[in-house]
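**Q** Chains A and B, in that order, are what the protein sequence lines are. Counting along the first sequence from 1, when you hit position 183 you're at 183 in the working numbering, and nothing is skipped either side. Counting along the second sequence from 1, when you hit position 3 you're at 3 in the working numbering, and nothing is skipped either side. C-beta atoms are modelled at their ideal positions from N, C-alpha and C, and glycine is treated no differently. Source: prediction; values computed, not measured. Right, I'll just put the structure down here and ask away after.
2 protein chains.
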Amino acid sequence: MTFGRRVKLADVARTAGVSPATVSRAISQPELVSEETLARVRAAAQSLGYLPDAAARALASGRSMTIGAVVPTLDSTIFARFLQSMQLALTRESYQLLVASHEMSPAAETEAVRTLLARGADGIILVGGDRPRATVDLLTASGVPTVLTWCGSPNFASVTVDNEEAGHLAAEHLLGLGHTRIGVVSGRLSFNDRQRARLAGARAAARKAGLDIPDWCVSEQDLTLAGGRSGCAALLQLDSRPTAIIGTIDLIAIGCLQEAQARGLAVPSALSVVGIDDIDMSAYITPSLTTVHIPTSRIGQTAAAMVIALIGGGGGASNVHLPIELVVRRSTAASPPRT
Amino acid sequence: MTFGRRVKLADVARTAGVSPATVSRAISQPELVSEETLARVRAAAQSLGYLPDAAARALASGRSMTIGAVVPTLDSTIFARFLQSMQLALTRESYQLLVASHEMSPAAETEAVRTLLARGADGIILVGGDRPRATVDLLTASGVPTVLTWCGSPNFASVTVDNEEAGHLAAEHLLGLGHTRIGVVSGRLSFNDRQRARLAGARAAARKAGLDIPDWCVSEQDLTLAGGRSGCAALLQLDSRPTAIIGTIDLIAIGCLQEAQARGLAVPSALSVVGIDDIDMSAYITPSLTTVHIPTSRIGQTAAAMVIALIGGGGGASNVHLPIELVVRRSTAASPPRT
DNA sequence: TTGTAGGCGTTATCAG
DNA sequence: CTGATAACGCCTACAA
Chain A
1 MTFGRRVKLA
11 DVARTAGVSP
21 ATVSRAISQP
31 ELVSEETLAR
41 VRAAAQSLGY
51 LPDAAARALA
61 SGRSMTIGAV
71 VPTLDSTIFA
81 RFLQSMQLAL
91 TRESYQLLVA
101 SHEMSPAAET
111 EAVRTLLARG
121 ADGIILVGGD
131 RPRATVDLLT
141 ASGVPTVLTW
151 CGSPNFASVT
161 VDNEEAGHLA
171 AEHLLGLGHT
181 RIGVVSGRLS
191 FNDRQRARLA
201 GARAAARKAG
211 LDIPDWCVSE
221 QDLTLAGGRS
231 GCAALLQLDS
241 RPTAIIGTID
251 LIAIGCLQEA
261 QARGLAVPSA
271 LSVVGIDDID
281 MSAYITPSLT
291 TVHIPTSRIG
301 QTAAAMVIAL
311 IGGGGGASNV
321 HLPIELVVRR
331 STAASPPRT
Chain B
1 MTFGRRVKLA
11 DVARTAGVSP
21 ATVSRAISQP
31 ELVSEETLAR
41 VRAAAQSLGY
51 LPDAAARALA
61 SGRSMTIGAV
71 VPTLDSTIFA
81 RFLQSMQLAL
91 TRESYQLLVA
101 SHEMSPAAET
111 EAVRTLLARG
121 ADGIILVGGD
131 RPRATVDLLT
141 ASGVPTVLTW
151 CGSPNFASVT
161 VDNEEAGHLA
171 AEHLLGLGHT
181 RIGVVSGRLS
191 FNDRQRARLA
201 GARAAARKAG
211 LDIPDWCVSE
221 QDLTLAGGRS
231 GCAALLQLDS
241 RPTAIIGTID
251 LIAIGCLQEA
261 QARGLAVPSA
271 LSVVGIDDID
281 MSAYITPSLT
291 TVHIPTSRIG
301 QTAAAMVIAL
311 IGGGGGASNV
321 HLPIELVVRR
331 STAASPPRT
């Protein structure tokens with residue numbers, strides 16, 4: 001039980017009968033050390049319970065083996081899965097993930113980035129491309145490899161999906177089913193380019209079909225089930241209520257679906273509902289949710305791989321674009337006859 | 001645009017016309033520096049865009065201002081919220097949260113703890129008290145303040161809820177409604193003391209009522225909606241199918257509820273369902289889920305406060321026990337007449 | 001293949 | 001209140 005003073009490199013060196021430098025190499029570049037020495041060092045380290053001090057390592061080497069990620073919120077299926085997939089990919093390469101969240105505040109995001117930079121993150125992963133100049137300057141001035149996700153922005157590497165197309169696909173599907181009065185329940189639009197793009201995409205599809213999604217058919221809500229329910233409630237109280245609703249994230253769409261059912265409106269016969277994201281739950285609820293699949297885990301994996309590549313000295317601002325696709329399930333059907 | 005070499009303390013000192021020591025103090029102990037000097041230093045730091053190097057700081061001061069948390073998985077409403085509440089509480093005290101997950105593998109947890117320790121975490125927060133000796137030894141040998149959550153374990157500080165009582169409350173509620181055939185869909189029991197306790201509690205309640213929950217009325221499943229659905233399906237195929245089901249986490253309970261509905265079994269008239277956790281969704285689904293409320297966020301907050309206190313030199317292994325309560329909603333009703 | 005020595009950016013102790 | 005000056009634990013040329 002080695003209590004008190006922590007075992008350090010020098011201790012291992014001493015009990016292994018070699019120099020500190022050799023121990024250091026044995027740990028980070030085993031191929032430069034003879035089999036025999038390596039074994040001795042490892043045995044010593046093992047028996048002493050030696051753990052390298054990451055801070056000292058970072059200070060001496062200039063690399064912290066840490067990647068910082070800041071997401072809008074931790075409390076979300078999407079970002080939880082996103083973080084999980086990055087974590088997995090990074091761990092494989094012996095990087096550690098430092099997470100922070102900004103809870104929808106641009107200033108908090110800036111602060112988070114500052115903290116991550118101070119902590120010596122070797123790379124940074126952010127969500128979206130919509131942020132104050134201050135944050136961008138911080139990042140570019142630091143020179144730390146940065147990858148944006150979902151939506152990109154000039155001068156930064158990014159792993160993106162076409163959010164506008166997502167909205168487009170959702171609306172197009174409904175239009176194809178004969179719906180002409182389409183409502184949208186979205187999240188807050190400010191400081192959220194993903195939401196803006198999805199809404200814009202839906203509108204573009206409607207316009208292309210000679211229709212319109214007026215402002216009063218759009219309800220801006222929290223990105224929660226409750227938000228979905230209240231958004232749906234609002235739209236259903238309109239004089240000419242929509243026959244179909246797009247929830248710009250699945251959680252909202254599911255809220256819509258439940259609100260409709262709670263009001264005795266059958267889904268999909270009386271009201272169609274489409275989501276965007278394709279979270280697990282969507283396949284399991286009744287009726288199962290038609291939605292646009294966004295490859296959340298792949299975004300995470302890819303972003304992780306990309307920062308690592310950038311750190312390794314890879315080229316400048318690259319961009320990987322991931323495909324999305326409509327998943328038709330049971331929450332959508334042909335428009336009901338007019339009442 | 002200060003690119004390239006990072007601005008360091010010495011640079012700030014130079015442009016402020018003071019010694020490095022003063023700059024250091026101005027940052028960490030402003031009260032020991034004269035107003036005037038403080039202002040000059042701050043101005044210099046500001047204009048140079050100085051960010052203290054956390055690694056150097058940690059090395060010199062012996063504290064990393066970092067708390068490590070390892071949860072079973074990131075991909076869970078519960079742990080996402082748990083992390084979020086800790087993050088918030090820790091940020092307030094200018095600590096950073098380092099997260100890791102073990103995906104239900106004891107060995108992975110050990111590895112995660114080792115990493116966190118290597119990274120110099122000033123404190124560690126874990127879930128549950130059931131883990132291999134190796135992990136425990138690592139922790140005690142390091143002397144790093146550790147807090148367990150949900151379930152505790154001797155020799156460690158903890159923030160707990162009574163998981164056994166949770167199962168007890170759920171079963172008692174059903175028994176009170178006249179149910180005599182109660183099924184349980186739980187998560188995997190190994191390396192998960194929370195699940196074991198919840199199941200044990202349900203059984204104890206049944207026993208107290210002179211009943212029994214035999215093994216064939218218990219289905220061990222994944223902690224997911226899909227797990228709930230398949231567990232429910234299994235129980236409903238029994239010769240004498242249960243009239244009520246306890247899902248040991250809400251997600252599973254919701255899966256049960258949906259599976260029942262999908263099979264045309266009305267909830268609660270034909271089947272009652274109870275969960276444990278009280279996640280957001282539970283209040284919004286139809287019918288809303290009767291469940292046992294577990295104060296997830298408070299567990300997080302409290303655990304955060306507790307590690308900080310321990311780091312500050314607080315007493316040894318303390319324990320805070322948080323109350324839980326049954327929340328009766330619409331998914332439970334009196335036992336239907338026997339078929 | 002292994003050892004020597006200097007330095008990474010801060011903090012903290014001690015004088016002044 | 002401020003300024004030198006050691007550590008802090010490890011990495012990494014450079015030398016042997």
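By the criterion of Cβ-Cβ separation under 7 Å, what are the contact partners of S47 (chain A) in chain B?
**A** None at all; the shortest Cβ gap to chain B is about 13 Å.
**Q** Kindly confirm or deny that the stretch 178-190 of chain B and the stretch 199-216 of chain B touch, where touching means at least three C-beta pairs closer than 8 Å.
**A** yes
**Q** For the candidate residues B:V33, B:V7, B:A69 and B:F82, whose alpha-carbon lies nearest to that of E49 (chain B)?
**A** One detail in the question is off: residue 49 (chain B) reads as Gly in this sequence, not Glu. Among B:V33, B:V7, B:A69 and B:F82, the Cα nearest to that of G49 (chain B) belongs to B:V7.
**Q** Can you tell me where the alpha helix (DSSP H) holding L83 (chain A) begins and where it ends?
**A** Element bounds for L83 (chain A): T77 to R92.
**Q** DSSP three-state label for R329 (chain B), please.
**A** coil
**Q** For Q96 (chain B), does the three-state DSSP call read helix, strand or coil?
**A** strand
**Q** Residues in the stretch 279-300 of chain A with C-beta within 9 Å of chain B's C-beta atoms, listed in sequence order?
**A** D280, M281, A283, Y284, I285 and T286
**Q** Buried or exposed, going by whether 16 or more other CB atoms sit within 10 Å of the CB of L32 (chain B)?
**A** exposed
**Q** Quick one: is V274 (chain A) buried, meaning 16 or more other Cβ sit within 10 Å of its Cβ, or exposed?
**A** buried
**Q** Just confirm the distance between the C-beta atoms of D130 (chain B) and F191 (chain B), as a whole number of angstroms; I'd bet it's less than 8 Å.
**A** 6 Å
**Q** Counting only the same chain and skipping the five closest in sequence on each side, list residues whose C-beta sits under 7 Å from that of P20 (chain A).
**A** Correct list, in chain order: L9, A10 and A13.
**Q** Please classify L83 (chain B): is it buried, with 16 or more other beta-carbons within 10 angstroms of its beta-carbon, or exposed?
**A** buried
**Q** Decide if R196 (chain A) is buried, meaning its Cβ has at least 16 other Cβ atoms within 10 Å, or exposed.
**A** buried
**Q** Helix, strand or coil for S101 (chain A)? Go by DSSP, reduced to three states.
**A** strand
**Q** Helix, strand or coil, according to DSSP, for T2 (chain B) in the structure here?
**A** Interpretation of T2 (chain B) is limited by its pLDDT of 40, a score under 50 that renders its predicted location unreliable; the figure taken from the coordinates is listed afterwards. Three-state DSSP puts T2 (chain B) in coil, outside helix and strand.
**Q** Drop a sphere of 10 angstroms on the beta-carbon of R92 (chain B), count the other beta-carbons inside from all chains shown, and report buried for 16 or more, exposed for fewer.
**A** exposed
**Q** In whole angstroms, what is the alpha-carbon distance linking S105 (chain A) and S219 (chain A)?
**A** 21 Å
**Q** Determine whether the Cβ of T224 (chain B) lies closer than 8 Å to any Cβ atom of chain A.
**A** yes
**Q** Would you mind working out which of A:R330, A:V23 and A:I294 sits nearest I279 (chain A), comparing C-alpha positions?
**A** A:I294
**Q** DSSP three-state call for L225 (chain B): helix, strand or coil?
**A** helix
**Q** Which of helix, strand or coil does DSSP assign to V292 (chain B)?
**A** strand
**Q** For Q258 (chain A), which residues in chain B fall below 7 Å Cβ to Cβ?
**A** Y284, I285 and T286
**Q** Answer yes or no: does any C-beta atom of chain B fall closer than 8 Å to that of D277 (chain A)?
**A** No, D277 (chain A) lies away from the interface with chain B (no Cβ there is under 8 Å from its Cβ).
**Q** I'd like the list of long-range same chain contacts for T332 (chain A), defined as Cβ closer than 8 Å, with 5 residues on each side in sequence excluded.
**A** Hits under 8 Å: H173, L174, L177, A244, P268, S272, V273, V274 and T290.
**Q** Select from B:I324, B:V147, B:V328 and B:I67 the residue whose C-alpha is nearest the C-alpha of A100 (chain B).
**A** B:I67
**Q** Within the stretch 172-256 of chain B, note down every full alpha helix (DSSP H) run reaching 4 residues or more, in order along the chain.
**A** Segments of the alpha helix (DSSP H) lying fully in the stretch 172-256 of chain B: 193-208 and 225-236.
**Q** If the cut is a Cβ gap below 8 Å, which residues of chain A does G120 (chain B) touch?
**A** D53, A54 and A55
**Q** Would you please verify whether the beta carbon of T149 (chain B) is less than 8 Å from any beta carbon of chain A?
**A** Closer than 8 Å: no.
**Q** Would you report the Cα separation of L223 (chain A) and L236 (chain B), rounded to the nearest angstrom?
**A** 35 Å
**Q** Measure the C-alpha to C-alpha separation of A303 (chain A) and S288 (chain B) and round it to an integer number of angstroms.
**A** 38 Å
**Q** Between the Cα of Y284 (chain B) and those of A:G255, A:E111 and A:A60, spot the shortest distance and give me the residue it belongs to.
**A** A:G255
**Q** When Cβ atoms are compared, which residues of the stretch 233-245 of chain B fall closer than 7 Å to chain A?
**A** Going along the stretch 233-245 of chain B in chain order, one finds no residue with a Cβ nearer than 7 Å to chain A.
**Q** Applying the 10 Å Cβ sphere with the 16-neighbour rule, what's the burial state of G231 (chain A)?
**A** buried
**Q** Counting only beta-carbon atoms, is S265 (chain A) nearer than 8 Å to chain B?
**A** A small fix is needed here, since residue 265 (chain A) is Leu in this sequence, not Ser. Output row for L265 (chain A): interface = no.
**Q** Does S158 (chain B) come out as helix, strand or coil in the three-state DSSP assignment?
**A** strand
**Q** From the DSSP secondary-structure annotation, give me the bridge partner or partners of H321 (chain A).
**A** BP columns for H321 (chain A) point to A:T160.
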